[in-house]
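Engineer:
Protein chains: 2
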Amino acid sequence: MAAEARRGPRRGEDTRAAILEAARGEFARAGYAGTSLRAVARAAGVDPALVHHYFEGKDDLFAQSVVLVSLPGPPASLAAQVMEGPREEVGLRAVRTFLGVWEARRSSFEALLRSIVTSEEVARAVREFLTQEIFGRVVSGLEPGLEEDERDLRAGLAATAATGLAMGRYVVRLPGVADADPETLVRRVGPVLQGYLLPR
Amino acid sequence: MAAEARRGPRRGEDTRAAILEAARGEFARAGYAGTSLRAVARAAGVDPALVHHYFEGKDDLFAQSVVLVSLPGPPASLAAQVMEGPREEVGLRAVRTFLGVWEARRSSFEALLRSIVTSEEVARAVREFLTQEIFGRVVSGLEPGLEEDERDLRAGLAATAATGLAMGRYVVRLPGVADADPETLVRRVGPVLQGYLLPR
């Protein structure tokens with residue numbers, strides 16, 4: 026620890042945190058395509074080489090600063106939260122969990138949704154995140170023996186319901202959906218997630 | 026008709042069609058925010074005043090050139106197609122109808138999806154289109170006496186399922202959803218639309 030601190034003007038964790046904070050600001054302002062690692066380094070007051078030291082590239086930096094920060098914890102714990110409880114209520118828990126996360130992080134979440142469609146790299150990152158880290162995990166957890174095609178289809182359809190709801194509530198702002206109280210959405214959309222994740 | 030033709034170098038319908046075609050090209054290339062009515066006029070080879078003569082503004086031009094062109098006919102006929110048949114199959118018909126439209130117009134439809142999140146004006150146009158012209162019409166047609174809040178909620182949720190499916194298949198390209206054959210999606214997503222439009 027002490028050795029780490031002596032390497033530069035900041036401790037490693039501080040540097041990493043400063044880069045993440047600067048990246049969030051740059052991505053929010055200039056979008057994914059318009060953000061360079063050099064600009065992030067400048068905003069963070071660090072050498073560009075340090076950005077490359079801590080992050081594998083722009084997509085990694087985006088995932089760490091925007092995608093993961095819009096979550097309350099690691100993706101695995103989110104998936105665990107959805108799975109924990111009666112199987113026949115997994116859909117309700119999923120919607121309640123997501124809405125809880127989104128409502129508390131509206132602005133960074135909206136930035137993420139906007140970035141999905143403007144950058145193929147972000148779309149890929151979100152795709153992998155949704156299908157592997159969240160819904161793929163949930164589906165595999167619920168039915169371990171499922172064939173890959175069927176697992177992908179279930180996880181993917183659940184992801185369409187979740188992203189459609191998020192788009193409708195935060196970006197397109199559909200009347201009825203944008204102003205519904207969260208529990209109304211849990212009651213209406215929960216059965217949909219249930220049917221996608223565990224069709225009867 | 027003959028009098029119309031004498032007013033300018035082109036007949037009215039030809040001028041309008043030329044403006045629409047130029048607008049599609051400009052919106053596809055520069056996006057909604059980056060397209061000016063002046064640039065559209067230039068691309069169409071007409072006086073900018075003519076663009077204002079035929080269209081109320083940029084949002085109207087976008088609706089006419091991109092939103093409506095991604096449909097096979099007027100929105101009312103699309104809504105009618107969804108409603109016509111047994112009530113308990115309205116969800117299946119909705120998904121089958123939309124997929125039919127989307128698959129045949131993938132690229133302009135993708136451009137539309139991308140524009141929704143980058144422009145508040147486009148989001149508003151799409152919101153009004155989805156809730157009033159399509160799903161509002163279907164819900165009102167199925168249950169005329171419904172209270173406004175409930176009608177908006179049903180129409181809005183149906184719109185989240187449809188846009189989520191479109192995003193997942195054409196923009197995010199979720200495995201399982203992007204490569205599923207259309208009838209598989211009709212079977213899985215149909216009951217969801219059914220439950221949103223006509224909850225039991």
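Line order of the protein sequences matches chains G and E.
Going by my numbering, the first sequence opens with residue 26, and the numbers climb by one from there.
Going by my numbering, the second sequence opens with residue 26, and the numbers climb by one from there.
Even for Gly, the Cβ is constructed at its ideal location relative to N, Cα and C.
Bear in mind the structure is a predicted one, so any value in this text is a computation, not a measurement.
1. I'd like to know if A180/G contacts chain E, where contact means its C-beta is closer than 9 Å to some C-beta of that chain.
2. According to DSSP, is D72/G part of a helix, a strand, or is it coil?
3. Restricting to Cα atoms, I'd like to know which of E172/G, P169/G, L210/G, T185/G is closest to V202/E.
4. Return the chain-ordered list of same chain residues with a C-beta closer than 7 Å to the C-beta of L218/G, the five sequence neighbours on each side being excluded.
5. Mind listing the chain G neighbours of I141/E? Cutoff is C-beta to C-beta under 9 Å, in chain order.
6. Any contact between the region 99 to 115 of chain E and the region 163 to 170 of chain E? By contact I mean 3 or more CB pairs, one from each, below 8 Å.
7. Quick check on this structure: which residue in S90/G, L124/G, I44/G has the alpha carbon closest to the alpha carbon of L103/G?
8. Under a three-way DSSP split, which group does R198/G fall into?
9. So, is the C-beta of R152/G closer than 9 Å to a C-beta in chain E?
10. Suppose you measure from the CA of F52/G to the CA of L190/E; what does that come to, to the nearest Å?
11. In whole angstroms, give me the CA-to-CA distance for V107/G and A148/E.
12. By the three-class DSSP mapping on this structure, what secondary structure does L178/G have?
13. Can you tell me which of A180/E, E168/E, L155/E puts its alpha carbon nearest to the alpha carbon of R213/G?
14. Write down the C-beta distance between L155/G and L199/E rounded to the nearest angstrom, noting that I regard them as a contact closer than 8 Å.
15. Determine whether the Cβ of T122/G lies closer than 9 Å to any Cβ atom of chain E.
16. By the 7 Å beta-carbon criterion, what residues does the region 96 to 113 of chain G contribute toward chain E?
17. By Cβ distance, which residues of its chain are closer than 6 Å to A58/E, with the 5 residues on each side in sequence left out?
18. Check this for me: beta carbons of V91/G and R49/G, under 9 Å apart or not?
19. With distances taken from CA atoms, which of A88/E, P111/E, A101/E is nearest E158/E?
20. Which residues bound the alpha helix (DSSP H) around E81/G?
21. Report the CB separation of V94/G from S133/G in whole angstroms; it is logged as a contact under 8 Å.
22. What residues from chain E crowd round R213/G, counting only those whose CB sits closer than 9 Å?
23. For the alpha helix (DSSP H) containing R162/G, list its first residue and its last residue.
24. Would you tell me roughly how many angstroms separate the C-alpha atoms of E109/G and L167/G, rounded to the nearest one?
25. Can you pull the chain G residues whose beta carbon is under 7 Å from the beta carbon of P216/E, in chain order?
26. Which residues in chain G sit within 8 Å of D174/E, going by Cβ to Cβ distance?
27. Thinking V126/E and I141/G are a contact (beta carbons under 8 Å), I'd like their distance in whole angstroms, please.
28. Check whether the Cβ atoms of E146/G and D84/G lie closer than 9 Å to each other.
29. How many angstroms separate the CA atom of A28/G from the CA atom of D39/G?
30. Taking the alpha-carbon positions, what's the A43/E to H78/E distance?
31. For A88/E versus V76/E, is the C-beta distance shorter than 9 Å?
32. Counting only beta-carbon separations shorter than 9 Å, does A148/E have a partner in chain G?
33. Determine, using beta carbons only, whether A74/E and A47/E come nearer to each other than 9 Å.
34. Alpha carbon to alpha carbon, how far is R131/G from A205/G?
35. Beta-carbon within less than 8 Å of M192/G's beta-carbon, same chain only, minus the 5 sequence neighbours each way: which residues are those?
36. Between G70/E and chain G, is there a C-beta pair that is closer than 9 Å?
Structural biologist: Per the coordinate set shown:
1. Judged by the 9 Å Cβ criterion, A180/G is in contact with chain E.
2. Note: D72/G maps to coil in three-state DSSP.
3. Checking every option, the nearest Cα to that of V202/E belongs to T185/G.
4. Answer for L218/G: G116, A119, V120, A183, A186, listed in chain order.
5. What I141/E touches in chain G: V142, M192, V196, V197.
6. These segments touch.
7. It is L124/G.
8. In the structure shown, R198/G sits in coil (DSSP, three-state: anything other than H, G, I, E or B).
9. The Cβ of R152/G sits closer than 9 Å to at least one Cβ of chain E.
10. Straight through space, the alpha carbons of L190/E and F52/G are spaced by roughly 26 Å.
11. Looking at the two C-alpha atoms, the distance is approximately 31 Å.
12. If DSSP states are grouped into helix, strand and coil, L178/G belongs with the helices.
13. It is A180/E.
14. The pair is a contact, with the Cβ atoms about 7 Å apart (cut-off 8 Å).
15. Using beta-carbon distances, T122/G does not count as an interface residue toward chain E, since no partner is under 9 Å.
16. Under the 7 Å Cβ criterion, the region 96 to 113 of chain G contributes no residue.
17. Only S144 meet the Cβ criterion.
18. With contacts defined by Cβ atoms closer than 9 Å, V91/G and R49/G form a contacting pair.
19. The alpha carbon of E158/E has as its nearest neighbour, out of A88/E, P111/E, A101/E, the alpha carbon of A101/E.
20. Here E81/G belongs to no alpha helix (DSSP H), and DSSP marks it neither H nor E.
21. Separation of the CB atoms of V94/G and S133/G is rounded to 6 Å, and the pair is thereby assigned contact status at 8 Å.
22. The answer, in chain order, is L178, R179, L182, G220, Y221, P224.
23. Where R162/G is concerned, the enclosing alpha helix (DSSP H) stretches over 162 to 167.
24. The straight-line gap separating the alpha-carbon atoms of E109/G and L167/G is approximately 10 Å.
25. Residues of chain G passing the Cβ test: G220.
26. Neighbourhood of D174/E in chain G, by CB distance below 8 Å: G201, in chain order.
27. Actually they are not in contact, since the Cβ atoms of V126/E and I141/G sit about 22 Å apart, beyond 8 Å.
28. The Cβ-Cβ distance between E146/G and D84/G falls below 9 Å.
29. The predicted position of A28/G is uncertain, since its pLDDT is 43 and thus under 50; a value taken from the coordinates is nonetheless stated next. If I take the Cα positions, the gap works out to 15 Å.
30. Within the model, the alpha-carbon separation for A43/E versus H78/E is close to 14 Å.
31. Cβ atoms of A88/E and V76/E: not closer than 9 Å.
32. Cβ-Cβ to chain G under 9 Å: yes for A148/E.
33. Not a contact, by the Cβ cut-off of 9 Å.
34. Distance between R131/G and A205/G, taken at the CA atoms: about 15 Å.
35. The beta carbon of M192/G sits closer than 8 Å to the beta carbons of L138 from its chain, once the five residues preceding and following it are set aside; these are given in chain order.
36. By this cut-off, G70/E is not an interface position.
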